[in-house]
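Undergrad: Converting from the sequence shown to the working numbering requires adding 4 to each position, the first position being numbered 1.
Below are the structure tokens for one structure; questions will follow.
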Amino acid sequence: MKVFEISGGNTLSLALYESVTNSKELLESMQAGTLEPEAAFLNASLITESLKRCGISDSTTYVLAACFNASPEDIKGVENLIKGKEISLDELEGRADKAHIQKHYKITALELGISSIEDAITCRIAARDAL
């Protein structure tokens, strides 16, 4: 799990997993509120859609785990919860469904001619927050 420093002395810990075999069990624990340690599990192929729903489905095999202000024990707990192979976060970009992302955020080819997909998404999120 990789730990990122964010504002106010807080941290965000992320880990990416493939070949996950217990997503149904993770989903049931999330929905029942019995997940220990508390973490968010997202379908790494469809992160935006995952945020709208409960995170993962019964059949999700590609999972991004996220924890805010996780202690070393919390991080170990998350690693023990997920039955799958942890892979580098660098693989997330290469596996992203860019066509789906462009469609969801309504990013045109013209816009990508002068900007990156990351910048386009950031601008949309910032504009939404400003409204």
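Note that CB positions come from ideal geometry on N, CA and C, so glycine has one too.
1) Going along the chain, which residues of its own chain have a beta-carbon closer than 8 Å to the beta-carbon of K65, five neighbours each way excluded?
2) Between L20 and A70, how many whole angstroms is the CB-CB distance? I'm expecting something under 8 Å.
3) Using 8 Å as the threshold, is the C-beta distance between E115 and A124 below it?
4) Smallest Cα separation from D78: which of L30, T112, R99, E42?
5) Using only CA atoms, which one of R132, A134, Y109 lies nearest to E122?
6) Does the beta-carbon distance from E40 to G81 come in below 8 Å?
7) May I ask which residues mark the beginning and end of the alpha helix (DSSP H) holding I91?
TA: Short version:
1) Reading off the sequence shown, one finds Thr at residue 65, where the question assumed Lys. Closer than 8 Å at Cβ, skipping near neighbours: E22, S23, V24, T25, S27, G88.
2) About 10 Å separates the two Cβ atoms, so there is no contact after all.
3) yes
4) E42
5) Y109
6) yes
7) Segment 89 to 91 is the beta strand (DSSP E) holding I91; no alpha helix (DSSP H) there.
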